[in-house]
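Protein sequences, first through last, are from chains S and X.
Under numbering that gives the first Met the number 0, the first residue of the first sequence is numbered 0, with each subsequent residue one higher.
Under numbering that gives the first Met the number 0, the first residue of the second sequence is numbered 0, with each subsequent residue one higher.
Glycine included, each C-beta is placed from N, C-alpha and C at the ideal position.
2 protein chains.
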Amino acid sequence: MILTVTLNPALDDTYEVPDVRFGEVNRVAAVHRRPGGKGVNVARVLHGLGHEVTAAGLAGGVAGRRIEEGLASLGVPASFTRTSGESRRTVTVVGAEVTVFNEPGPAVTGEEWAAFLGGYERLAGDAAVVVLSGSLPPGVPPDAYAELARRAPAPVILDADGEPLRLGLAGRPAVVKPNAGELARATGVRDPAAGIRLLRDAGAGAVVASLGADGVLAWTPDGLLRAALDRPETGNPTGSGDALAAGLAAGLAEGLPWPERLRNAVALAACSVRSPVAGEVDAGELPALLSRVAVRTEEGHAARSHE
Amino acid sequence: MILTVTLNPALDDTYEVPDVRFGEVNRVAAVHRRPGGKGVNVARVLHGLGHEVTAAGLAGGVAGRRIEEGLASLGVPASFTRTSGESRRTVTVVGAEVTVFNEPGPAVTGEEWAAFLGGYERLAGDAAVVVLSGSLPPGVPPDAYAELARRAPAPVILDADGEPLRLGLAGRPAVVKPNAGELARATGVRDPAAGIRLLRDAGAGAVVASLGADGVLAWTPDGLLRAALDRPETGNPTGSGDALAAGLAAGLAEGLPWPERLRNAVALAACSVRSPVAGEVDAGELPALLSRVAVRTEEGHAARSHE
């Protein structure tokens, strides 16, 4: 079983507004309301691909109940610890461009965090892989991801930003998956290869950096690898990082070699970009996308990043 | 008691996003969640000013319960007919500019509409003024406002758009309150004075057209009057039309002369623009705003529109 942890989940609304006009009143053509938050998206993608998964985290209020009901209606097993504060909502407006509005999360009490930790240890004991994703709501310790990684007997994939990512490295996660902005914010350097090296030195077993149109650059036991699509997909990028994390988790659980793991993950991310709704993929499109992914060793980068 | 009718209410979220960037991911600095929909905003403004009011309409699902709970927590008496479909939400993003996203409403059944009509007749019998505001959800007859106006013993203020406004005139409402766009859409003419005349010919007892920075142009038994602020207020225009309708309803209930009625309504609308949240006014700002409203007779326009 793959365990996903979402400490700051959200009720995600995707608004389809074909001719959106900012600064004006817009009629929403279609509304897609789904349980969200990065780890929840990872769980939905894995479940959609037929993997055994459990979505854990913190959830509160009406929005929290809707997140749990939404996962239940999708058939995704979930185990959330209730919080007194209400879970947040996010709104993604999909028109000619994609605009995302993320509400702040609810305040979490020490008792609620302690209650989550108890349940987490039981779940992590049964997991083949643990995926820790997204922001931390107020009240959760900033080093929460280090703590969760230490308590997990299984290998951990960490997908976070800023301080939660920097402090999380102390838990020695098996894989860290930053995008270009997260990598730069966490390391203070602009060159991806140099930033990747810094994350490994700080405790990451492997680092998979998603660089948009440049594909992913990954420092693995097989060396520095780059996996990229022949041409970028256009659509809704929201959730494509979560699909990438889902692909990495599946490959880790199945013990696939790194090149194949990266190929699957990149194809899955591209598949997600094609979907108007974050966290949804059409597995039927995967074979065609897999054939468009090239994976190669980056000797040059590897050498430079050793200097 | 002033009765407001909101057949397509909404759970209104106002997102404060100071440096909003469209086409990107935005963190929402503050969220204001309030019961909304035009008639609900009218009821909230009137209640805030100390008037006896009842908010009626259709409400369904979790959003519908939240609208009722929100009104209860604000102390606004409400009497909504439950629908099987869930009430809609709206999102207003307040940054350098104001962008509104309106979800479509839920489908209403014939039985639900009939149940509302029964309750409406009882409430309208006790009302000094009835305010009919906003769009009609799918399933409600397009001539619903004509029907509701005919069944009301009290004078009716109609604030609607398009077909519901055009067909509503057959119910001979005492006052119709279109903005410039609604006036043009309902009459097909661009000149406000000419459009106002057409609405009167079609059944409106009086017409108060809100023309933005030009203030309001009103055809009343006292002639064609214009009421305008010395300089326009800047802020969140969402809900200012509802505050204008609230001012007109209060003036009608109190039997104020038209010039005073318009002065109060224009000051109230300006007060609403200053609030970041639709449907809220700071009554303390009213005296200063009232002194900035000029009301005069528009002989020229009146003459021209008689040609």
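For the beta strand (DSSP E) that S:R26 lies in, which residues bound it at each end? 24-26
Starting from X:V206, trace the beta strand (DSSP E) in both directions and tell me its first and last residue. 205-209 is the extent of the beta strand (DSSP E) around X:V206.
According to DSSP, X:P34 sits in a beta bridge with which residue or residues? X:L10
Using 8 Å for Cβ pairs, my map puts S:P236 next to S:V272. What's the rounded Cβ distance? 6 Å
Against chain S, with Cβ distances strictly below 7 Å, would X:F79 count as a contact? no
Which chain S residues sit within Cβ distance under 8 Å of X:N101? V24, N25, R26, V27
Would you call the CB atoms of X:L57 and X:F100 closer than 7 Å? no
DSSP three-state label for X:A227, please. strand
Work out the CA separation of S:L197 and S:L166 for me, nearest whole Å. 13 Å
Amino acids of chain S, ordered along the chain, whose beta-carbon sits closer than 8 Å to that of X:E96: F21, G22
Express the C-alpha separation of X:V294 and X:S304 in angstroms, rounding to a whole number. Note that X:S304 scores a pLDDT of 38, beneath 50, so its modelled location is shaky and nothing firm can be said.
Chain-ordered neighbours of X:V41 on chain S, where CB pairs are closer than 8 Å: Here the premise fails: no neighbours, minimum Cβ distance about 18 Å.
Would you check if the distance between the CB atom of S:G59 and the CB atom of S:G38 is smaller than 7 Å? no
Collapsed DSSP secondary structure at X:S315 in the structure displayed: This structure does not reach residue 315 of chain X, given that chain X is present from 0 up to 306, and the question cannot be answered.
Just tell me which of X:W218, X:D213, X:P172, X:L243 has its CA closest to the CA of X:D229. X:D213
Span of the alpha helix (DSSP H), counted from its first residue to its last, around S:T237: Unbroken run through S:T237: none, as it is neither H nor E.
Only counting the same chain, and skipping five residues up and downstream in sequence, which positions put a Cβ closer than 6 Å to that of X:W257? Within the same chain, X:W257 has close Cβ partners T219, D221.
With 8 Å as the limit, tell me which residues of the region 55-73 of chain S have their beta carbon closer than that to any beta carbon of chain X; keep them in chain order. Within the region 55-73 of chain S, the qualifying residues are V61, R65.
Return the chain-ordered list of same chain residues with a C-beta closer than 7 Å to the C-beta of S:L122, the five sequence neighbours on each side being excluded. L2, T53, A55, S78
Under 9 Å Cβ-Cβ, which residues of chain S neighbour X:Y14? V90, F100, E102
Cut-off 7 Å between Cβ atoms - residues of its own chain near X:V128, not counting five sequence neighbours on either side: I1, A153, P154, I156, A248, L251, A252
For S:V30, which residues in chain X fall below 7 Å Cβ to Cβ? E102
Is X:H300 close to chain S? Criterion is C-beta to C-beta, closer than 7 Å. The pLDDT assigned to X:H300 is 48, lower than 50, so where the model puts this residue is not dependable; a value taken from the coordinates is nonetheless given after this. It does not: the Cβ of X:H300 has no partner Cβ on chain S nearer than 7 Å.
Inspect the beta-carbon positions of S:N7 and S:G170 and report whether they are closer than 7 Å. The answer is no: Cβ separation not under 7 Å.
Own chain, CB closer than 6 Å to S:A201, minus 5 neighbours either side, in chain order: Residues of the same chain with a CB within less than 6 Å of the CB of S:A201, apart from the 5 flanking positions on each side, are L168 in chain order.
Could you tell me which residues DSSP puts in a beta bridge with S:G59? S:T82
Please report the straight-line C-alpha distance between X:R33 and X:D160, rounded to a whole angstrom. 23 Å
Spatial distance of S:D158 from S:A287 (CA atoms): Rounded to whole angstroms, S:D158 to S:A287 spans 27 Å at the Cα level.
Distance between beta carbons of X:A205 and X:V174, contact taken as under 8 Å: 5 Å
By Cβ distance, which residues of its chain are closer than 8 Å to S:G47, with the 5 residues on each side in sequence left out? Excluding residues within five positions, the ones whose Cβ falls inside 8 Å are E279, V280, A282.
Would you decide whether S:S290 is buried or exposed? Buried here means 16 or more other CB atoms lie within 10 Å of its CB. exposed
Please specify which runs of the beta strand (DSSP E), each continuous and at least 3 residues long, are wholly inside the region 269-303 of chain X, giving them in chain order. 292-296
Would you tell me roughly how many angstroms separate the C-alpha atoms of S:A145 and X:T98, rounded to the nearest one? 40 Å
Going by C-alpha to C-alpha distance, which of X:A148, X:R43, X:V30 sits closest to X:D245? Reading the sequence as shown, one finds Ala at residue 245 of chain X and not Asp. Residue X:R43 is the option with its Cα nearest to X:A245.
Distance between beta carbons of S:E15 and S:V93, contact taken as under 8 Å: Right, the Cβ-Cβ distance comes to about 5 Å (below 8 Å), so this counts as a contact.
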